[in-house]
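Take -5 as the starting number for the sequence shown in this note's numbering and just add one per residue.
A short worksheet on the structure shown next.
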Amino acid sequence: MSTTNLSAALRQRRYLLTSWPWRSAAFLSTTAVVAAPLSFGLTLLLLPLLVSGRRIAHGDLPTPAILFLVVVAAVLLAAGAPLVALPVAALERRRLRLVDRRPLRGATHPAGLAALFRAEATWRAVLYTTLLALLAPPVFFAAFLALLAEVLMIGSPFGVGTWQFGNYTVHGGSRGLPLCLLGIVLVPVLLYLAGALAAGQAMLARRLLGAGDPLRDQLSEVSQSRARLADAFDAERRRIERDLHDGAQHRLTSLTLHLGMARLDLPEDSPAAGPLGLAHTQAKELMVVLRDLVHGIRPQVLTDLGLPAALRELAGSSPVPVTVEAAIAARPPESIETTAYFVAAEALTNVARHAHATEARVRVRGDGTRVELEIEDNGRGGADPQTGSGLTGLADRVAAAGGRLLLASPAGGPTLLRVELPCPR
(Lines of atoms letter the chains of each structure in order from A and count residues from 1; the text may use other names and numbers.)
(Lines give C-alpha, C1' and ligand atoms only; values in the text may rest on other atoms or scores of the structure.)
Protein backbone atom coordinates (compact mmCIF):
# COMPACT_ATOMS: atom_id res chain seq x y z
CA MET A 1 0.00 0.00 0.00
CA SER A 2 1.40 3.38 -0.97
CA THR A 3 -1.08 5.27 1.20
CA THR A 4 0.16 5.74 4.75
CA ASN A 5 -3.03 6.75 6.56
CA LEU A 6 -6.76 6.14 6.48
CA SER A 7 -7.69 9.79 5.89
CA ALA A 8 -5.79 9.78 2.59
CA ALA A 9 -7.17 6.35 1.65
CA LEU A 10 -10.77 7.54 2.05
CA ARG A 11 -10.21 10.03 -0.77
CA GLN A 12 -9.16 7.33 -3.20
CA ARG A 13 -11.64 5.74 -5.59
CA ARG A 14 -10.34 2.23 -4.89
CA TYR A 15 -10.85 2.54 -1.16
CA LEU A 16 -13.32 -0.36 -0.95
CA LEU A 17 -10.91 -2.63 -2.85
CA THR A 18 -8.02 -2.07 -0.45
CA SER A 19 -7.37 -3.38 3.04
CA TRP A 20 -8.19 -0.04 4.63
CA PRO A 21 -11.89 -0.85 5.34
CA TRP A 22 -10.81 -3.96 7.23
CA ARG A 23 -8.07 -2.11 9.03
CA SER A 24 -10.59 0.53 10.12
CA ALA A 25 -12.99 -2.21 11.25
CA ALA A 26 -10.20 -3.79 13.33
CA PHE A 27 -9.31 -0.40 14.77
CA LEU A 28 -12.91 0.30 15.81
CA SER A 29 -13.36 -3.19 17.24
CA THR A 30 -10.30 -2.86 19.45
CA THR A 31 -11.43 0.65 20.38
CA ALA A 32 -14.61 -0.87 21.81
CA VAL A 33 -12.51 -3.29 23.87
CA VAL A 34 -10.35 -0.45 25.23
CA ALA A 35 -13.26 1.92 25.86
CA ALA A 36 -15.53 -0.57 27.67
CA PRO A 37 -13.64 -0.69 31.01
CA LEU A 38 -12.90 3.05 30.80
CA SER A 39 -16.61 3.84 30.36
CA PHE A 40 -17.57 1.49 33.17
CA GLY A 41 -15.04 3.02 35.58
CA LEU A 42 -16.01 6.58 34.68
CA THR A 43 -19.71 5.74 35.13
CA LEU A 44 -19.01 4.36 38.63
CA LEU A 45 -17.16 7.55 39.57
CA LEU A 46 -19.86 9.81 38.14
CA LEU A 47 -22.73 7.84 39.66
CA PRO A 48 -22.72 9.66 43.05
CA LEU A 49 -22.71 13.00 41.22
CA LEU A 50 -25.63 11.90 39.04
CA VAL A 51 -27.59 10.72 42.07
CA SER A 52 -26.86 13.99 43.86
CA GLY A 53 -27.97 16.00 40.83
CA ARG A 54 -31.17 13.97 40.55
CA ARG A 55 -32.07 14.64 44.19
CA ILE A 56 -31.39 18.36 43.75
CA ALA A 57 -33.56 18.40 40.63
CA HIS A 58 -36.43 16.94 42.69
CA GLY A 59 -36.00 19.55 45.41
CA ASP A 60 -34.19 17.31 47.92
CA LEU A 61 -30.74 17.80 49.41
CA PRO A 62 -28.14 15.04 48.99
CA THR A 63 -27.56 12.90 52.05
CA PRO A 64 -24.18 13.05 53.84
CA ALA A 65 -23.36 9.58 52.50
CA ILE A 66 -23.93 10.73 48.92
CA LEU A 67 -21.85 13.88 49.47
CA PHE A 68 -19.06 11.75 50.91
CA LEU A 69 -19.16 9.50 47.86
CA VAL A 70 -19.08 12.57 45.59
CA VAL A 71 -15.93 13.85 47.34
CA VAL A 72 -14.26 10.43 47.21
CA ALA A 73 -15.13 10.06 43.52
CA ALA A 74 -13.78 13.54 42.73
CA VAL A 75 -10.50 12.81 44.52
CA LEU A 76 -10.13 9.46 42.78
CA LEU A 77 -10.92 11.03 39.42
CA ALA A 78 -8.43 13.89 39.85
CA ALA A 79 -5.65 11.73 41.25
CA GLY A 80 -6.20 8.59 39.21
CA ALA A 81 -7.03 10.03 35.81
CA PRO A 82 -3.39 10.76 34.82
CA LEU A 83 -2.22 7.37 36.10
CA VAL A 84 -4.83 5.64 33.94
CA ALA A 85 -4.55 7.95 30.94
CA LEU A 86 -0.80 7.56 30.35
CA PRO A 87 -0.88 3.75 29.80
CA VAL A 88 -4.01 4.18 27.66
CA ALA A 89 -2.17 6.81 25.60
CA ALA A 90 0.78 4.45 25.06
CA LEU A 91 -1.61 1.68 23.95
CA GLU A 92 -3.49 4.05 21.63
CA ARG A 93 -0.27 5.14 19.94
CA ARG A 94 0.47 1.50 19.16
CA ARG A 95 -3.09 0.81 17.94
CA LEU A 96 -2.94 3.87 15.74
CA ARG A 97 -0.63 1.99 13.37
CA LEU A 98 -3.68 0.08 12.14
CA VAL A 99 -5.03 3.17 10.40
CA ASP A 100 -2.04 5.53 10.31
CA ARG A 101 1.43 4.20 9.60
CA ARG A 102 3.11 7.57 10.04
CA PRO A 103 5.32 7.59 13.15
CA LEU A 104 3.83 9.26 16.19
CA ARG A 105 6.36 10.31 18.78
CA GLY A 106 5.07 10.31 22.31
CA ALA A 107 5.83 13.14 24.69
CA THR A 108 8.73 12.72 27.10
CA HIS A 109 7.28 12.56 30.59
CA PRO A 110 9.21 14.37 33.31
CA ALA A 111 10.58 12.57 36.32
CA GLY A 112 8.68 12.92 39.56
CA LEU A 113 4.98 12.68 40.30
CA ALA A 114 4.49 16.42 40.78
CA ALA A 115 6.16 17.25 37.45
CA LEU A 116 4.12 14.52 35.77
CA PHE A 117 0.88 16.10 36.98
CA ARG A 118 1.98 19.52 35.73
CA ALA A 119 2.98 18.34 32.26
CA GLU A 120 0.77 19.39 29.35
CA ALA A 121 1.12 15.98 27.69
CA THR A 122 -0.37 14.29 30.77
CA TRP A 123 -3.56 16.30 30.62
CA ARG A 124 -3.84 15.91 26.86
CA ALA A 125 -3.80 12.16 27.49
CA VAL A 126 -6.44 12.60 30.20
CA LEU A 127 -8.62 14.57 27.76
CA TYR A 128 -8.33 11.87 25.11
CA THR A 129 -9.13 9.10 27.60
CA THR A 130 -12.14 11.02 28.95
CA LEU A 131 -13.50 11.64 25.46
CA LEU A 132 -13.02 7.96 24.64
CA ALA A 133 -14.90 6.88 27.77
CA LEU A 134 -17.76 9.36 27.22
CA LEU A 135 -18.28 9.14 23.46
CA ALA A 136 -17.57 5.47 22.81
CA PRO A 137 -20.78 4.01 24.39
CA PRO A 138 -23.35 6.04 22.37
CA VAL A 139 -21.29 5.86 19.16
CA PHE A 140 -20.75 2.12 19.35
CA PHE A 141 -24.32 1.47 20.39
CA ALA A 142 -25.50 3.30 17.27
CA ALA A 143 -22.92 1.38 15.21
CA PHE A 144 -24.16 -1.90 16.69
CA LEU A 145 -27.77 -1.06 15.78
CA ALA A 146 -26.72 -0.13 12.24
CA LEU A 147 -24.75 -3.37 11.88
CA LEU A 148 -27.63 -5.43 13.28
CA ALA A 149 -30.09 -3.81 10.88
CA GLU A 150 -27.69 -4.45 8.01
CA VAL A 151 -27.40 -8.14 8.90
CA LEU A 152 -31.16 -8.53 9.25
CA MET A 153 -31.79 -6.75 5.94
CA ILE A 154 -29.31 -8.91 4.01
CA GLY A 155 -30.57 -12.08 5.69
CA SER A 156 -34.28 -11.24 5.40
CA PRO A 157 -34.91 -13.54 2.34
CA PHE A 158 -33.48 -16.44 4.29
CA GLY A 159 -35.89 -16.08 7.19
CA VAL A 160 -33.51 -14.20 9.51
CA GLY A 161 -35.70 -11.97 11.63
CA THR A 162 -39.13 -10.41 11.15
CA TRP A 163 -39.47 -6.94 9.67
CA GLN A 164 -42.48 -4.70 9.75
CA PHE A 165 -42.70 -1.28 8.15
CA GLY A 166 -46.21 -0.06 8.79
CA ASN A 167 -48.44 -2.68 7.17
CA TYR A 168 -45.53 -4.33 5.38
CA THR A 169 -44.23 -7.42 7.23
CA VAL A 170 -41.42 -9.66 6.09
CA HIS A 171 -41.10 -13.23 7.33
CA GLY A 172 -38.42 -14.27 4.88
CA GLY A 173 -38.74 -15.53 1.38
CA SER A 174 -39.12 -13.51 -1.78
CA ARG A 175 -40.76 -10.57 -0.06
CA GLY A 176 -37.45 -9.89 1.67
CA LEU A 177 -35.52 -9.44 -1.56
CA PRO A 178 -36.02 -5.62 -1.73
CA LEU A 179 -34.64 -5.27 1.79
CA CYS A 180 -31.79 -7.62 0.91
CA LEU A 181 -30.88 -5.52 -2.12
CA LEU A 182 -31.11 -2.34 -0.02
CA GLY A 183 -28.82 -3.90 2.55
CA ILE A 184 -26.28 -4.82 -0.14
CA VAL A 185 -26.40 -1.26 -1.51
CA LEU A 186 -25.82 0.13 2.00
CA VAL A 187 -22.70 -2.00 2.64
CA PRO A 188 -20.32 0.48 0.93
CA VAL A 189 -22.01 3.35 2.78
CA LEU A 190 -21.44 1.64 6.12
CA LEU A 191 -17.83 0.87 5.21
CA TYR A 192 -17.20 4.51 4.36
CA LEU A 193 -18.91 5.64 7.58
CA ALA A 194 -16.79 3.21 9.59
CA GLY A 195 -13.67 4.49 7.85
CA ALA A 196 -14.64 8.10 8.51
CA LEU A 197 -15.26 7.30 12.20
CA ALA A 198 -11.91 5.52 12.51
CA ALA A 199 -10.13 8.37 10.68
CA GLY A 200 -11.71 10.94 13.00
CA GLN A 201 -10.56 9.03 16.07
CA ALA A 202 -7.08 8.66 14.57
CA MET A 203 -6.86 12.40 13.93
CA LEU A 204 -7.93 13.10 17.53
CA ALA A 205 -5.37 10.62 18.85
CA ARG A 206 -2.59 12.12 16.73
CA ARG A 207 -3.50 15.62 17.86
CA LEU A 208 -3.71 14.86 21.59
CA LEU A 209 -1.28 12.01 22.12
CA GLY A 210 1.66 13.18 20.04
CA ALA A 211 4.64 15.09 21.35
CA GLY A 212 3.17 18.30 19.94
CA ASP A 213 3.23 20.25 16.73
CA PRO A 214 6.80 20.13 15.33
CA LEU A 215 6.47 23.66 13.97
CA ARG A 216 5.28 24.91 17.33
CA ASP A 217 8.14 23.11 19.06
CA GLN A 218 10.65 24.63 16.64
CA LEU A 219 9.15 28.09 17.12
CA SER A 220 9.34 27.67 20.89
CA GLU A 221 12.97 26.59 20.62
CA VAL A 222 13.78 29.58 18.39
CA SER A 223 12.11 31.93 20.88
CA GLN A 224 14.03 30.42 23.77
CA SER A 225 17.27 30.61 21.79
CA ARG A 226 16.62 34.25 20.96
CA ALA A 227 15.96 35.00 24.63
CA ARG A 228 19.20 33.25 25.61
CA LEU A 229 21.13 35.27 23.02
CA ALA A 230 19.61 38.50 24.33
CA ASP A 231 20.56 37.56 27.90
CA ALA A 232 24.07 36.67 26.78
CA PHE A 233 24.32 40.01 24.94
CA ASP A 234 23.23 41.91 28.06
CA ALA A 235 25.71 39.98 30.20
CA GLU A 236 28.52 40.74 27.75
CA ARG A 237 27.56 44.39 27.64
CA ARG A 238 27.63 44.57 31.45
CA ARG A 239 31.07 42.97 31.39
CA ILE A 240 32.31 45.55 28.88
CA GLU A 241 30.84 48.36 30.97
CA ARG A 242 32.51 47.00 34.10
CA ASP A 243 35.87 46.62 32.36
CA LEU A 244 35.70 50.14 30.95
CA HIS A 245 34.60 51.63 34.26
CA ASP A 246 37.02 49.75 36.49
CA GLY A 247 39.93 49.50 34.06
CA ALA A 248 40.20 51.92 31.18
CA GLN A 249 38.41 54.82 32.91
CA HIS A 250 40.59 54.59 36.02
CA ARG A 251 43.77 54.39 33.95
CA LEU A 252 42.71 57.35 31.85
CA THR A 253 41.94 59.30 35.00
CA SER A 254 45.38 58.47 36.35
CA LEU A 255 46.96 59.47 33.02
CA THR A 256 45.12 62.80 33.03
CA LEU A 257 46.23 63.45 36.60
CA HIS A 258 49.87 62.76 35.79
CA LEU A 259 49.71 64.93 32.68
CA GLY A 260 48.26 67.75 34.77
CA MET A 261 50.98 67.41 37.40
CA ALA A 262 53.65 67.33 34.69
CA ARG A 263 52.13 70.41 33.12
CA LEU A 264 52.33 72.26 36.44
CA ASP A 265 55.97 71.31 36.92
CA LEU A 266 56.94 72.31 33.38
CA PRO A 267 57.82 75.97 32.67
CA GLU A 268 55.42 77.70 30.33
CA ASP A 269 58.20 78.74 27.98
CA SER A 270 59.39 75.18 27.58
CA PRO A 271 59.10 73.67 24.05
CA ALA A 272 57.23 70.69 25.54
CA ALA A 273 54.62 72.85 27.29
CA GLY A 274 52.43 73.21 24.21
CA PRO A 275 52.26 69.51 23.25
CA LEU A 276 51.88 68.53 26.91
CA GLY A 277 48.97 70.93 27.38
CA LEU A 278 47.33 69.62 24.21
CA ALA A 279 47.74 66.04 25.44
CA HIS A 280 46.24 67.01 28.81
CA THR A 281 43.26 68.67 27.14
CA GLN A 282 42.68 65.71 24.82
CA ALA A 283 42.92 63.30 27.76
CA LYS A 284 40.24 65.26 29.62
CA GLU A 285 38.04 65.26 26.53
CA LEU A 286 38.59 61.52 26.14
CA MET A 287 37.50 61.05 29.76
CA VAL A 288 34.18 62.75 28.95
CA VAL A 289 33.73 60.58 25.86
CA LEU A 290 34.54 57.42 27.80
CA ARG A 291 32.19 58.41 30.65
CA ASP A 292 29.37 58.96 28.15
CA LEU A 293 30.19 55.65 26.49
CA VAL A 294 30.06 53.78 29.82
CA HIS A 295 26.83 55.56 30.70
CA GLY A 296 25.35 54.56 27.34
CA ILE A 297 26.16 50.90 27.87
CA ARG A 298 24.23 50.73 31.15
CA PRO A 299 23.64 53.81 33.33
CA GLN A 300 24.80 53.40 36.89
CA VAL A 301 21.62 55.05 38.13
CA LEU A 302 19.60 52.24 36.52
CA THR A 303 21.58 49.68 38.51
CA ASP A 304 21.49 51.64 41.77
CA LEU A 305 18.07 53.31 41.82
CA GLY A 306 15.98 51.47 39.24
CA LEU A 307 13.97 52.32 36.16
CA PRO A 308 12.00 55.42 37.31
CA ALA A 309 15.17 57.27 38.39
CA ALA A 310 16.96 56.26 35.18
CA LEU A 311 14.05 57.52 33.06
CA ARG A 312 14.05 60.85 34.90
CA GLU A 313 17.79 61.21 34.30
CA LEU A 314 17.19 60.35 30.64
CA ALA A 315 14.43 62.98 30.44
CA GLY A 316 16.74 65.58 31.99
CA SER A 317 19.31 65.12 29.23
CA SER A 318 16.77 65.23 26.38
CA PRO A 319 16.70 68.36 24.18
CA VAL A 320 12.90 68.04 24.11
CA PRO A 321 11.08 68.71 27.42
CA VAL A 322 9.99 65.34 28.80
CA THR A 323 7.58 64.59 31.64
CA VAL A 324 8.00 61.26 33.43
CA GLU A 325 5.17 59.48 35.25
CA ALA A 326 6.23 56.32 37.08
CA ALA A 327 4.19 53.91 39.19
CA ILE A 328 6.06 50.65 39.77
CA ALA A 329 4.92 48.52 42.70
CA ALA A 330 7.84 46.07 42.60
CA ARG A 331 11.19 46.38 40.89
CA PRO A 332 11.20 44.29 37.70
CA PRO A 333 14.01 41.89 36.71
CA GLU A 334 17.25 43.45 35.49
CA SER A 335 16.74 42.33 31.88
CA ILE A 336 13.27 43.87 31.76
CA GLU A 337 14.55 47.12 33.27
CA THR A 338 17.35 47.27 30.72
CA THR A 339 14.98 46.61 27.81
CA ALA A 340 12.50 49.25 28.98
CA TYR A 341 15.26 51.81 29.51
CA PHE A 342 16.85 51.40 26.11
CA VAL A 343 13.45 51.42 24.39
CA ALA A 344 12.74 54.75 26.09
CA ALA A 345 16.21 56.06 25.20
CA GLU A 346 15.85 55.13 21.52
CA ALA A 347 12.30 56.49 21.38
CA LEU A 348 13.31 59.85 22.88
CA THR A 349 16.25 60.02 20.48
CA ASN A 350 13.82 59.54 17.59
CA VAL A 351 11.57 62.24 19.04
CA ALA A 352 14.47 64.68 19.18
CA ARG A 353 15.73 63.85 15.68
CA HIS A 354 12.62 63.27 13.60
CA ALA A 355 9.39 64.25 15.35
CA HIS A 356 9.79 68.06 15.51
CA ALA A 357 8.01 67.84 18.86
CA THR A 358 7.88 70.50 21.54
CA GLU A 359 7.16 68.13 24.42
CA ALA A 360 7.05 64.42 25.23
CA ARG A 361 5.69 62.26 28.01
CA VAL A 362 6.99 58.96 29.38
CA ARG A 363 4.68 56.78 31.46
CA VAL A 364 5.78 53.54 33.10
CA ARG A 365 3.65 51.23 35.22
CA GLY A 366 4.48 47.90 36.82
CA ASP A 367 2.58 45.57 39.15
CA GLY A 368 5.21 42.86 39.59
CA THR A 369 3.89 40.71 36.74
CA ARG A 370 4.42 43.08 33.81
CA VAL A 371 5.83 46.48 32.88
CA GLU A 372 3.97 48.86 30.59
CA LEU A 373 5.93 51.71 29.03
CA GLU A 374 4.43 54.50 26.92
CA ILE A 375 6.29 57.29 25.12
CA GLU A 376 4.08 59.99 23.60
CA ASP A 377 5.02 63.16 21.77
CA ASN A 378 3.15 66.01 20.04
CA GLY A 379 5.28 65.90 16.91
CA ARG A 380 4.33 65.53 13.27
CA GLY A 381 3.73 61.75 13.43
CA GLY A 382 4.09 59.44 10.48
CA ALA A 383 6.65 57.18 12.15
CA ASP A 384 7.26 54.11 10.00
CA PRO A 385 9.43 51.11 10.95
CA GLN A 386 10.38 50.72 7.27
CA THR A 387 12.17 54.08 7.18
CA GLY A 388 15.07 52.90 9.30
CA SER A 389 14.18 54.91 12.41
CA GLY A 390 15.21 52.08 14.75
CA LEU A 391 11.68 50.89 15.44
CA THR A 392 12.34 47.49 13.89
CA GLY A 393 15.30 46.96 16.17
CA LEU A 394 13.20 48.03 19.16
CA ALA A 395 10.48 45.57 18.21
CA ASP A 396 13.04 42.77 17.94
CA ARG A 397 14.52 43.64 21.31
CA VAL A 398 11.09 43.72 22.95
CA ALA A 399 10.11 40.43 21.31
CA ALA A 400 13.31 38.80 22.58
CA ALA A 401 12.20 39.72 26.10
CA GLY A 402 8.81 38.10 25.50
CA GLY A 403 6.92 41.37 25.12
CA ARG A 404 5.27 43.29 22.33
CA LEU A 405 5.55 46.77 20.87
CA LEU A 406 2.57 48.80 19.62
CA LEU A 407 2.84 52.00 17.61
CA ALA A 408 0.24 54.61 16.72
CA SER A 409 1.63 57.46 14.62
CA PRO A 410 -0.88 59.04 12.23
CA ALA A 411 0.28 61.76 9.89
CA GLY A 412 0.20 65.06 11.78
CA GLY A 413 0.68 63.33 15.14
CA PRO A 414 0.65 62.63 17.93
CA THR A 415 2.84 59.52 18.15
CA LEU A 416 2.31 56.93 20.88
CA LEU A 417 4.73 54.06 21.40
CA ARG A 418 3.56 51.39 23.86
CA VAL A 419 5.66 48.50 25.12
CA GLU A 420 4.36 45.61 27.24
CA LEU A 421 6.97 43.43 28.94
CA PRO A 422 6.19 40.40 31.12
CA CYS A 423 8.07 39.92 34.36
CA PRO A 424 8.93 36.23 34.83
CA ARG A 425 8.69 35.00 38.39
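Built from N, CA and C at the ideal position, the CB exists for glycine as well.
Every value quoted in this text rests on a predicted model; they were computed, and no experiment measured them.
Query, Result
"Where does F134 land, buried or exposed, given buried means 16+ other C-beta within 10 angstroms?", "buried"
"Select from A72, T24 and I178 the residue whose C-alpha is nearest the C-alpha of L126.", "T24"
"When we look at the beta-carbon of H274 and count the other beta-carbons within 10 Å, is it buried (16 or more) or exposed?", "buried"
"So, helix, strand or coil for D54, using DSSP?", "coil"
"In the DSSP output, which residue or residues are listed as bridge partners for A402?", "L410"
"Taking M197 as the reference, give the member of G177, L146 and L92 with the closest Cα.", "L92"
"May I have the straight-line CA-CA distance separating T124 from S1, to the nearest angstrom?", "24 Å"
"What is the rounded straight-line gap between the Cα of L63 and the Cα of A193?", "38 Å"
"Return the residue from the list L39, A83 and L85 that minimises the CA-CA distance to V66.", "L39"
"Taking the beta strand (DSSP E) that A324 belongs to, which residues open and close that run?", "Note, A324: premise wrong, no beta strand (DSSP E); not H, not E."
"When burial is assigned at 16 or more other CB atoms within 10 Å of the CB, is R17 buried or exposed?", "buried"
"Contact defined as beta carbons within less than 8 Å: I believe L203 pairs with R87. What is the distance between those atoms, to the nearest angstrom?", "6 Å"
"Which residues does DSSP list as the beta-bridge partners of I369?", "V356 and L411"
"Buried or exposed: P326, going by 16 or more other Cβ atoms within 10 Å of its Cβ?", "buried"
"Determine the extent of the alpha helix (DSSP H) in which F134 is found, giving its start and end residues.", "E114 to G149"
"I need the DSSP call for D94, collapsed to helix, strand or coil.", "strand"
"Would you identify the three-state DSSP class for R364, choosing helix, strand or coil?", "strand"
"Would you mind sorting S264 into buried or exposed? The rule is 16 or more other CB atoms within 10 Å of its CB.", "exposed"
"Would the beta-carbon of A30 be found less than 7 Å away from any heavy atom of the ligand GDP?", "The ligand GDP is not among the ligands present in this structure, which contains no ligands whatsoever."
"Give me the Cα-Cα distance between R364 and L296, rounded to the nearest whole angstrom.", "18 Å"
"Excluding the five sequence neighbours on either side, which residues of its own chain have a C-beta within less than 8 Å of the C-beta of A188, listed in chain order?", "P15, S18, A19, L22 and A137"
"Could you give the C-beta distance for R374 and G407, rounded to a whole number, given that I count them as a contact under 8 Å?", "5 Å"
"Would you mind working out which of Q294, A395, L305 and L249 sits nearest E279, comparing C-alpha positions?", "L249"
"Indicate whether L301 and I322 have their beta-carbon atoms separated by less than 8 Å.", "yes"
"Please go through the same chain and pick out, in chain order, the residues whose beta-carbon is closer than 6 Å to the beta-carbon of G396, but skip the five residues on each side of it.", "P416"
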